[in-house]
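Undergrad:
There are 2 protein chains.
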Amino acid sequence: MRKEKEKIKIIPLGGLNEIGKNLTVIEYKNDIIVIDCGLKFPDEEMLGIDVVIPDTGYLQKNLDKVKGIFLTHGHEDHIGALPYVLKEVNVPVYGTKLTLGIVETKLKEHNMLDSVDLRCVKPKDIIKLENSSVEFIRTSHSIADAVAIAIHTPLGVILHTGDFKIDYEPIDGHVADLARFAELGKKGVLVMLADSTNVERPGYTMSESTVGNTFQKIFSEAKGRIIVATFASHIHRIQQVITAAMKYDRKVAISGRSMENIMEVAMELGYIKAAKDIFINIDSINKYPENKVTIITTGSQGEPMSALSRMAASEHKKVNIIPGDMVVISASPIPGNEKLISRVINQLFKKGADVIYEALADVHVSGHACQEELKLMHTLVKPKFFIPVHGEYRHLKQHGELAVKLGMNKNNIVIADNGDIIEVSRDSIRKNGVVMSGQIFVDGLGVGDVGNIVLRDRKHLSQDGILTVVVTIEKQTGNVIAGPDIISRGFVYVRESEDLMEEAREIVRGALKKCEEKHITEWASIKSNIKEVLRMFLYERTKRKPMILPIIMEI
Amino acid sequence: MRKEKEKIKIIPLGGLNEIGKNLTVIEYKNDIIVIDCGLKFPDEEMLGIDVVIPDTGYLQKNLDKVKGIFLTHGHEDHIGALPYVLKEVNVPVYGTKLTLGIVETKLKEHNMLDSVDLRCVKPKDIIKLENSSVEFIRTSHSIADAVAIAIHTPLGVILHTGDFKIDYEPIDGHVADLARFAELGKKGVLVMLADSTNVERPGYTMSESTVGNTFQKIFSEAKGRIIVATFASHIHRIQQVITAAMKYDRKVAISGRSMENIMEVAMELGYIKAAKDIFINIDSINKYPENKVTIITTGSQGEPMSALSRMAASEHKKVNIIPGDMVVISASPIPGNEKLISRVINQLFKKGADVIYEALADVHVSGHACQEELKLMHTLVKPKFFIPVHGEYRHLKQHGELAVKLGMNKNNIVIADNGDIIEVSRDSIRKNGVVMSGQIFVDGLGVGDVGNIVLRDRKHLSQDGILTVVVTIEKQTGNVIAGPDIISRGFVYVRESEDLMEEAREIVRGALKKCEEKHITEWASIKSNIKEVLRMFLYERTKRKPMILPIIMEI
Numbered sequence: 001m002r003k004e005k006e007k008i009k010i011i012p013l014g015g016l017n018e019i020g021k022n023l024t025v026i027e028y029k030n031d032i033i034v035i036d037c038g039l040k041f042p043d044e045e046m047l048g049i050d051v052v053i054p055d056t057g058y059l060q061k062n063l064d065k066v067k068g069i070f071l072t073h074g075h076e077d078h079i080g081a082l083p084y085v086l087k088e089v090n091v092p093v094y095g096t097k098l099t100l101g102i103v104e105t106k107l108k109e110h111n112m113l114d115s116v117d118l119r120c121v122k123p124k125d126i127i128k129l130e131n132s133s134v135e136f137i138r139t140s141h142s143i144a145d146a147v148a149i150a151i152h153t154p155l156g157v158i159l160h161t162g163d164f165k166i167d168y169e170p171i172d173g174h175v176a177d178l179a180r181f182a183e184l185g186k187k188g189v190l191v192m193l194a195d196s197t198n199v200e201r202p203g204y205t206m207s208e209s210t211v212g213n214t215f216q217k218i219f220s221e222a223k224g225r226i227i228v229a230t231f232a233s234h235i236h237r238i239q240q241v242i243t244a245a246m247k248y249d250r251k252v253a254i255s256g257r258s259m260e261n262i263m264e265v266a267m268e269l270g271y272i273k274a275a276k277d278i279f280i281n282i283d284s285i286n287k288y289p290e291n292k293v294t295i296i297t298t299g300s301q302g303e304p305m306s307a308l309s310r311m312a313a314s315e316h317k318k319v320n321i322i323p324g325d326m327v328v329i330s331a332s333p334i335p336g337n338e339k340l341i342s343r344v345i346n347q348l349f350k351k352g353a354d355v356i357y358e359a360l361a362d363v364h365v366s367g368h369a370c371q372e373e374l375k376l377m378h379t380l381v382k383p384k385f386f387i388p389v390h391g392e393y394r395h396l397k398q399h400g401e402l403a404v405k406l407g408m409n410k411n412n413i414v415i416a417d418n419g420d421i422i423e424v425s426r427d428s429i430r431k432n433g434v435v436m437s438g439q440i441f442v443d444g445l446g447v448g449d450v451g452n453i454v455l456r457d458r459k460h461l462s463q464d465g466i467l468t469v470v471v472t473i474e475k476q477t478g479n480v481i482a483g484p485d486i487i488s489r490g491f492v493y494v495r496e497s498e499d500l501m502e503e504a505r506e507i508v509r510g511a512l513k514k515c516e517e518k519h520i521t522e523w524a525s526i527k528s529n530i531k532e533v534l535r536m537f538l539y540e541r542t543k544r545k546p547m548i549l550p551i552i553m554e555i
Numbered sequence: 001m002r003k004e005k006e007k008i009k010i011i012p013l014g015g016l017n018e019i020g021k022n023l024t025v026i027e028y029k030n031d032i033i034v035i036d037c038g039l040k041f042p043d044e045e046m047l048g049i050d051v052v053i054p055d056t057g058y059l060q061k062n063l064d065k066v067k068g069i070f071l072t073h074g075h076e077d078h079i080g081a082l083p084y085v086l087k088e089v090n091v092p093v094y095g096t097k098l099t100l101g102i103v104e105t106k107l108k109e110h111n112m113l114d115s116v117d118l119r120c121v122k123p124k125d126i127i128k129l130e131n132s133s134v135e136f137i138r139t140s141h142s143i144a145d146a147v148a149i150a151i152h153t154p155l156g157v158i159l160h161t162g163d164f165k166i167d168y169e170p171i172d173g174h175v176a177d178l179a180r181f182a183e184l185g186k187k188g189v190l191v192m193l194a195d196s197t198n199v200e201r202p203g204y205t206m207s208e209s210t211v212g213n214t215f216q217k218i219f220s221e222a223k224g225r226i227i228v229a230t231f232a233s234h235i236h237r238i239q240q241v242i243t244a245a246m247k248y249d250r251k252v253a254i255s256g257r258s259m260e261n262i263m264e265v266a267m268e269l270g271y272i273k274a275a276k277d278i279f280i281n282i283d284s285i286n287k288y289p290e291n292k293v294t295i296i297t298t299g300s301q302g303e304p305m306s307a308l309s310r311m312a313a314s315e316h317k318k319v320n321i322i323p324g325d326m327v328v329i330s331a332s333p334i335p336g337n338e339k340l341i342s343r344v345i346n347q348l349f350k351k352g353a354d355v356i357y358e359a360l361a362d363v364h365v366s367g368h369a370c371q372e373e374l375k376l377m378h379t380l381v382k383p384k385f386f387i388p389v390h391g392e393y394r395h396l397k398q399h400g401e402l403a404v405k406l407g408m409n410k411n412n413i414v415i416a417d418n419g420d421i422i423e424v425s426r427d428s429i430r431k432n433g434v435v436m437s438g439q440i441f442v443d444g445l446g447v448g449d450v451g452n453i454v455l456r457d458r459k460h461l462s463q464d465g466i467l468t469v470v471v472t473i474e475k476q477t478g479n480v481i482a483g484p485d486i487i488s489r490g491f492v493y494v495r496e497s498e499d500l501m502e503e504a505r506e507i508v509r510g511a512l513k514k515c516e517e518k519h520i521t522e523w524a525s526i527k528s529n530i531k532e533v534l535r536m537f538l539y540e541r542t543k544r545k546p547m548i549l550p551i552i553m554e555i
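Structure representation (structure tokens):
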């Protein structure tokens, strides 16, 4: 009995069956290792929500075991929940230089920088913990300084690829450490968790450097200003714009708060190679001839408040789009953003700018491995067990099938869900129970104070608006002494619907009278009577179902 | 002075700078010809809106001139506004057999069939009007029986392509009447209006028959049931499913109301070629072995109430997804629907079905011409003037550029907006003024009773909910005698926010007291005082801005 088999627990708390809020827990004896701590942007039905973070109750309960949060790279879906989670789980945060640089600006915004223990690591570093150790391995991704994480335990190695692609011509010259993956594979990897984002795409993801070729062509031909929108954190993309600007003798100005923030970090840490005098302030762009100006900006997803959207809508204080401007949208639409981007493109065209986007030229490549790159990783690492991560169910399932095609036994693959406890021994893997998991909504200052009931109400309000019905009743007699007043918002044009509203009042009066006749005096009953007759009346007349909010005042 | 130059007016009332609600007015002397009468599905910000239709005030004002509505094909974005527009502009409706068949089912639903004059035409038919005549010319599209429309006037020919592609192997054997386009071109076409949807795509759109090849492969390999989701109106796609089913000895059941409706029309009118005994009722699918069953269903866009979505969510009464089912989603996501479709795919995979969609196999082709097909049309028709239609601004602009590349003079191309009056003479084209145009929202039974104020309120309500503040005041003294009561919906979990709400009441009491002290008795002032203090308080405490609705009852 005493010699219970040793186990490693792998518990994904986010990133499975969804895109975003990546957080994986690896637990061996007294060591709990957290890989990434990301947020997710709200779905359409999460009305009014700012961001969504993972439920980390499990970590809070086992706080004494948590040795640290280990970051693979600096994207929001991998670091964005840190300011919220660190408030409950204040443990050391390990990451590479750029990753921590971005984390720092984030913590600064939340006034938390002083209270967090940030520990900078380099690829090949190994952090020793009580019963295990954590190794960082260089990969390529659409942000510099990305790493995979290998956890060494007496039972074997757990390898988490993080988000990755294989880029043989990366902008910074640092190719993924394929040799280390091969070496680990040769020695034997117990479990691999690997990025499934692009598993549906055959072939290879093109090298980041191919985008540079397109930029060079654009810069060689453009006669006016060049405005490039891309992800603020995509240092290599930005580097390529700067390189092209230097070659074609253009100055570079930066627009957009997140772009300015990350550029500051990237410059300070030496991630951008540029002649110092190439940068100009956005205020002074008009002092230069148009063919000497490049602007790098946020807004590649058409985000309504972003710099590019404001330029397109003539709401940007510093940049006014003019005929001859060449706007390059160097990004793919994230699903759900297509219409926003399309609107910006239309506005820019209308202002006379030329617009180049993915449909028209090779101005973007993905940061995730396609099928052949995934096959390379599987072939190098040859894990005994495999858990596809970072994807919706369809991606996880197809990544599992890809592994089977490469010869893996189907029973050695676990398609899991957030909260699953996956138990691994030297020779077995299985799901064994669940821990609390889920999504916590952040809305303004509130973390978790908006839940499904509030969202259901917002949805209802958004569809047909609200009718408030107020009646003042005399306590002693039960007589109505003021009202019913009906005020609506988001239902109909009030001016054109006066008759309808007067009829509605009449309906409520009737309901109140009936209650009186039947000696119904309970507020709850009176209210539900009012609701019911109004609901029926309004639906019959308008086929709409506004929220109805009866309020009884008693004096 | 009397001999003013003769003019044709071309007035697009919908379909420019947008996708949908296509409606073009061609006016020559006493003839107003309306081409198409489509609806648009609401954008995300049009909360609670069912459909959007064009403003046809111009037609209502010139009712005596309107000779008819001439339909190019039976898609919603070309016929969907008929039930609303015909109520105001009851003129003859001309269309091909299938188009009118679909219009009939639509009018039936609106109880309008008896009051509308439907006139069936065939390709090559010419309808003579007072001063002009209207000719129908066969094209190919993703629905059978599509036509282009040529309007013959003494000043020249106006050609409207409608939605089209060039398909040399169409399912019904009827290739677009290229000879007639060439003939018109040879004689001289004054103005062409042409579909711009796919102008950003190089090359050719594949033939519809290529999808049939994929179906044959799928049917030859599938061991369980095959469930194909596609657009209800895509008769040729449906025919290809049926053809494959016949070849592989499977029965066919239909699911989804719109699919059933259109299949009934298509069968009755002879647009589907099938052995009669191939169809089985959806109720009896379980009487057949799984490898003998095909189900054709709606829901290819992931629409939440569609048959496929209900199957995926285990809410379909007749069809229960089981492992071994092969689901084919034979459609492209319409921008905005990606997440809905993705959700359905994930649910189907989770239930053990195999799912095939566009990312994985050639199960869909577009119905619109790509660049090379557009070039063919321009080359055949050789119009003097050109107005790109059916597209957002980016599409219209690029379609204009394509025409310039083919040799057209830039000044002969008009990029217009809905409502523009485009005046054409034998040798000139120009914009000259505008007519009222715009979008009218249909919400339930209301047509036009929801406008921007209502939508703005719905948006506001959807983001942070509403707080209703009720106070009862004694008229004579101005004293508060009941309340303030605060009721919120969609703002915060009330139970967990009792303190916040109590503080809010205190804030309102304070504001009321101040009003009393300052002898402010005007309701409007009291209300705006309450609003202001509450807004500031709530924003400071929650960083949210719920709608605040103060109500004062007087007794």
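Sequences listed follow chains C and S, in order.
Once you know that position 318 of the first sequence is 318 in UniProt numbering, the rest is easy, because the numbers rise by one and skip nothing.
Once you know that position 227 of the second sequence is 227 in UniProt numbering, the rest is easy, because the numbers rise by one and skip nothing.
A virtual CB, placed ideally from N, CA and C, is assigned to each residue, including glycine.
Owing to the predicted nature of the structure, the values given are computational and were not obtained by experimental measurement.
Do you know how far the Cα of Lys87/S is from the Cα of Ile218/C?
TA: On the first sequence, residue 218/C is found 218 positions in, with the first residue counted as 1. On the second sequence, residue 87/S is found 87 positions in, with the first residue counted as 1. Roughly 53 Å separates the two Cα atoms.
Undergrad: Between the Cα of Glu44/S and those of Asn337/S, Ile526/S, Arg119/S and Gly448/S, spot the shortest distance and give me the residue it belongs to.
TA: On the second sequence, residue 44/S is found 44 positions in, with the first residue counted as 1. It is Asn337/S whose Cα lies nearest to the Cα of Glu44/S.
Undergrad: Taking Cβ-Cβ distances shorter than 8 Å, what residues in chain C pair up with Gly465/S?
TA: Taking the first residue of the second sequence as 1, we reach residue 465/S at position 465. Under the 8 Å cutoff, chain C gives Gly48, Val454, Asp457, Arg458 and Leu461.
Undergrad: Does Ser342/S come within less than 8 Å of chain C when only Cβ atoms are used?
TA: Walking along the second sequence from the start, residue 342/S turns up at place 342. It does: the Cβ of Ser342/S has a partner Cβ on chain C nearer than 8 Å.
Undergrad: Step through the CB atoms of chain S and report whether any lies within less than 8 Å of the CB of Arg2/C.
TA: Here residue 2/C corresponds to residue number 2 of the first sequence, with the count starting at 1. Per-residue confidence for Arg2/C stands at a pLDDT of 45, beneath the threshold of 50, marking its modelled position as unreliable; the derived number appears in the next sentence. Taking Cβ atoms only, chain S never reaches closer than 8 Å to Arg2/C, which makes this a no.
Undergrad: Looking only at its chain, what residues have a beta carbon closer than 6 Å to the beta carbon of Val228/C, apart from the 5 residues adjacent to it on each side?
TA: Here residue 228/C refers to the residue found at position 228 when the first sequence is read from its first residue. Only Val241, Ile296, Val328 and Ser330 meet the Cβ criterion.
Undergrad: Since Asp195/S is in the beta strand (DSSP E), which residue starts that stretch and which ends it?
TA: Here residue 195/S is taken as the residue at index 195 of the second sequence, counted from 1. Counting along the chain, the beta strand (DSSP E) containing Asp195/S begins and ends at Val191 to Asp195.
Undergrad: Checking contacts by CB at 8 Å: is Asp449/C closer than that to chain S?
TA: Residue mapping note: residue 449/C aligns to position 449 of the first sequence, counting from 1. Closer than 8 Å: yes.
Undergrad: Does the region 371-386 of chain S come close enough to the region 534-552 of chain C to have 3 or more Cβ pairs within less than 8 Å?
TA: No: fewer than three Cβ pairs fall under 8 Å.
Undergrad: What span of residues does the beta strand (DSSP E) with Gln267/C cover, start to end?
TA: Position 267 of the first sequence, counted from the first residue, corresponds to residue 267/C. Checking the displayed sequence, the identity of residue 267/C turns out to be Met instead of Gln. Careful: Met267/C lies outside any beta strand (DSSP E), inside the alpha helix (DSSP H) at Arg257 to Glu268.
Undergrad: Go to Leu159/C, then tell me how far its beta strand (DSSP E) extends in each direction, as first and last residue.
TA: Within the first sequence, the letter at position 159 stands for residue 159/C. That run of the beta strand (DSSP E) goes Gly156 to His160.
Undergrad: Please confirm if Pro335/S has its CB atom under 8 Å from at least one CB of chain C.
TA: Along the second sequence, read from residue 1 onward, the residue named residue 335/S stands at position 335. Taking Cβ atoms only, chain C reaches closer than 8 Å to Pro335/S, which makes this a yes.
Undergrad: Taking its Cβ as the centre, do 16 or more other Cβ atoms sit within 10 Å of Thr379/S, making it buried, or is it exposed?
TA: Here the question's residue 379/S lines up with position 379 in the second sequence. Exposed, by the Cβ-count rule.
Undergrad: Name, going along the chain, the residues of the region 492-513 of chain S whose beta-carbon falls closer than 7 Å to a beta-carbon of chain C.
TA: Within the region 492-513 of chain S, the residues whose Cβ lies closer than 7 Å to some Cβ of chain C are Val492, Tyr493, Glu496 and Ser497, listed in chain order.
Undergrad: Helix or strand or just coil, what does DSSP make of Arg426/S?
TA: Counted from its first residue, the second sequence places residue 426/S at position 426. If DSSP states are grouped into helix, strand and coil, Arg426/S belongs with coil.
Undergrad: Is Gly299/S near the ligand MN, judged by its Cβ being under 7 Å from some heavy atom?
TA: As far as ligands go, the structure on display features none, and thus does not contain the ligand MN.
Undergrad: Express the C-alpha separation of Asn17/C and Tyr393/C in angstroms, rounding to a whole number.
TA: One-based indexing of the first sequence puts residue 393/C at position 393. One-based indexing of the first sequence puts residue 17/C at position 17. Spanning the two alpha carbons is a distance of roughly 5 Å.
Undergrad: Please classify Asn213/C: is it buried, with 16 or more other beta-carbons within 10 angstroms of its beta-carbon, or exposed?
TA: As a position in the first sequence, residue 213/C is number 213, starting the count at 1. Exposed: under 16 other Cβ atoms inside 10 Å.
Undergrad: Among Tyr84/C, Val199/C, Gly465/C and Ile11/C, which residue has its Cα nearest to the Cα of Val442/C?
TA: By 1-based counting over the first sequence, the position of residue 442/C is 442. Closest by alpha carbon: Tyr84/C.
Undergrad: On the three-state DSSP scale, how would you describe Lys410/C?
TA: To locate residue 410/C, count along the first sequence from 1; it is residue 410. Helix, per DSSP.
Undergrad: Does the structure place the region 135-147 of chain C close enough to the region 68-78 of chain C that three or more beta carbon pairs sit under 8 Å?
TA: Verdict: yes, contact present.
Undergrad: Thr298/S: which of Ala504/S, Asp283/S, Tyr271/S and Gly256/S sits nearest, CA to CA?
TA: Residue numbering aside, residue 298/S sits at position 298 when the second sequence is read from its first letter. Of Ala504/S, Asp283/S, Tyr271/S and Gly256/S, the residue nearest in Cα terms is Gly256/S.
Undergrad: If the cut is a Cβ gap below 7 Å, which residues of chain B does Thr542/S touch?
TA: Absent from the structure is chain B; the protein chains it does hold are C and S.
Undergrad: Taking the C-alpha atoms as reference points, what is the distance between residue 556/S and Val66/C?
TA: Absent from the model: residue 556/S. The displayed extent of chain S is 1 to 555, so no value can be given.
Undergrad: Give, in chain order, every unbroken run of the beta strand (DSSP E) that is at least 3 residues long and sits entirely within the region 101-129 of chain C.
TA: Within the region 101-129 of chain C, the complete beta strand (DSSP E) runs of at least 3 residues are 118-120 and 126-128.
Undergrad: Please list, in chain order, the residues of the region 358-372 of chain C that have any C-beta partner in chain S closer than 9 Å.
TA: If the cut-off is 9 Å between Cβ atoms, the region 358-372 of chain C has Ala359 and Leu360 near chain S.
Undergrad: Starting from Gly294/C, follow its DSSP beta bridges and name the residues at the other end.
TA: Mapped onto the first sequence, residue 294/C falls at position 294. For the sequence presented, residue 294/C should be read as Thr rather than Gly. For Thr294/C, which the question treats as bridged, DSSP gives the partners Ile226/C and Val252/C.
Undergrad: Going by alpha carbons, who is nearest to Gln301/S out of Phe537/S, Lys287/S, Arg343/S and Val189/S?
TA: The residue given as residue 301/S occupies position 301 in the second sequence. The option with the nearest alpha carbon to Gln301/S is Arg343/S.
Undergrad: Is it right to say Lys247/S is buried, meaning 16 or more other beta carbons lie within 10 angstroms of its own, or is it exposed?
TA: As a working note, residue 247/S is residue 247 in the second sequence. Exposed, because fewer than 16 other Cβ atoms sit within 10 Å of the Cβ of Lys247/S.
Undergrad: Name the DSSP bridge partner or partners of Ile69/S?
TA: The residue you call residue 69/S lines up with position 69 of the second sequence. In the DSSP output, where bridge partners are listed per residue, Ile69/S has Val34/S and Val93/S.
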